[in-house]
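Here is the structure we will look at.
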Amino acid sequence: MVTSQGYLLGWAVYLVGAVGLMVCWWRISLGIPQFQWRFFSRVVVGVLLLTPYYGGPEQAEWAPALVITLLEGVFYGPEAMLRAGVPILVTLLCAVLVSVLAQLGWHRYQERLQQREREVVQEDERQALLRESAEQSAGTP
1 MVTSQGYLLG
11 WAVYLVGAVG
21 LMVCWWRISL
31 GIPQFQWRFF
41 SRVVVGVLLL
51 TPYYGGPEQA
61 EWAPALVITL
71 LEGVFYGPEA
81 MLRAGVPILV
91 TLLCAVLVSV
101 LAQLGWHRYQ
111 ERLQQREREV
121 VQEDERQALL
131 RESAEQSAGT
141 P
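Those letters in the sequence shown? Residues 1 to 141, by the UniProt record's numbering.
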């Protein structure tokens, strides 16, 4: 049995390593030309590395679901991988759905912002034309 201090230390070390891997993947994925695929790959890596799952029916501790899935696949066969594999897939589905909705919202926000900027520019141009015509009419007898 692991002490609570050892358990927390293990998670801290794992999370530091996971963040390091995600930073490396962030840099590697900069080479993916399409933003949507680059973003999707980053979500997948984040979900795979950060999804926790309980270690077993008699254990209260949690562990990375990917590690549980791989170890159960190696020691107990492919059928055992489903125990922690299904939560990974569900989490992945939810994360992809949330990220797609966030991208759509961000895209709409950017479109509205650009539309407002175009309207401001058009209004400034209209005001400049009005001032110019007022100056010309004031200067002409």
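C-beta: ideal position from N, C-alpha, C; glycine also. Given the structure is predicted, the values throughout are model-derived calculations rather than measurements.
Pull up the CB-CB distance for residue i and residue j, whole angstroms please, since I reckon it's below 8 Å.
i	j	result
Val47	Thr91	5 Å
Tyr7	Glu72	Actually they do not touch by this definition, with Cβ atoms about 20 Å apart.
Ala63	Pro52	7 Å
Phe39	Ser99	6 Å
Ala65	Ile32	Rounded, the Cβ-Cβ distance is 25 Å, inconsistent with contact.
Pull up the distance between the alpha-carbon of residue i and that of residue j, whole angstroms please.
i	j	result
Val2	Trp11	12 Å
Val120	Leu104	24 Å
Val45	Arg131	57 Å
Leu101	Cys94	11 Å
Tyr49	Leu129	The question names Tyr, but residue 49 in the sequence shown is Leu. In a straight line, the C-alpha of Leu49 is about 59 Å away from that of Leu129.
Arg42	Tyr14	18 Å
Ile68	Val16	19 Å
Apply the 10 Å Cβ neighbour rule to residue i and answer buried if 16 or more other Cβ atoms are within range, or exposed otherwise.
i	result
residue 178	The requested residue 178 is not part of the displayed model; the chain covers only 1 to 141.
residue 166	Only positions 1 to 141 of the chain appear in this structure, which leaves residue 166 out of reach.
Leu9	exposed
Three-state secondary structure (DSSP) at residue i?
i	result
Ala134	helix
Pro52	strand
Pro64	strand
Ile32	coil
Val58	Here the sequence assigns Glu to residue 58, which means Val is not the residue at that position. Glu58: coil per DSSP, three-state reduction.
Gly77	coil
Thr69	helix
Val2	coil
*the region 21-36 contacting the region 54-63, beta-carbon criterion three pairs below 8 Å*: No, the region 21-36 does not touch the region 54-63.
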